[in-house]
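Step one of this worksheet: look at the structure below.
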Amino acid sequence: MNRLRHDPCNDLNLVIVSHGLTSRIFLMKWFKWTVEQFEHLNNFGNCEFRVMQLGTGGEYSLAVHHTAQEMLEWGLSPEMIADQKWRATACRGDWNDQCPWYLDAFFDHLPDSDDEIAEKEDETNT
């Protein structure tokens, strides 16, 4: 009931101090990047940091605090950068149709029903 009376002094900030590999794994899991995308990321330099900031819509993003050029230098692909920019303003729960690593990309090639499978089998048998 007190959702509208949000006191900013109750906001929580976390600092994660870690090695490059662990930090990249954390980002991969958080943003649901693929192994291939993960492998293109560069390790952090000494004393280098990344800021995941809450966007206006309630999604965390690297694009709120960092530029596209910085993200390119870190090894993010143009698609990953577009996703970060989308997350900076997206409302929580929205679906980003432009990102191929969301689950819809895996299921688009599946037939809609068993009838379609049977039809394809009949076509190949004749």
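Numbering (this note's numbering), first residue to last: 54 to 179. Glycine included, C-beta positions come from ideal geometry on N, C-alpha and C.
Given residue i as reference, the closest of the options once Cα atoms are compared
i, options, result
"Q106", "L80, V70, A171 and A141", "A141"
"I134", "V68, F84 and G73", "F84"
"E132", "C144, H93, F97 and T109", "H93"
Where residue i sits in the DSSP three-state scheme
i, result
"G73", "helix"
"L80", "helix"
"L65", "coil"
"A158", "Residue placement at A158 is poorly supported in this model, since its pLDDT is 48, which falls under 50; the coordinates still yield a value, given next. Here A158 sits in helix by DSSP."
"L125", "helix"
Nonlocal neighbours in the same chain, by C-beta distance under 8 Å from residue i, ignoring five residues either side
i, result
"N66", "none"
"K138", "S114, A116 and A121"
"S130", "Q90 and H93"
Nonlocal neighbours in the same chain, by C-beta distance under 7 Å from residue i, ignoring five residues either side
i, result
"E123", "none"
Expected contact under 8 Å - CB spacing of residue i and residue j to nearest Å
i, j, result
"N95", "W127", "5 Å"
Burial state of residue i (16 or more Cβ within 10 Å)
i, result
"G111", "exposed"
"D175", "exposed"
"L118", "Residue identity check: residue 118 is His in the sequence provided, not Leu. Exposed, by the Cβ-count rule."
Chain-order list of residues whose beta-carbon lies under 6 Å from that of residue i (same chain, five-residue window excluded)
i, result
"C144", "G110"
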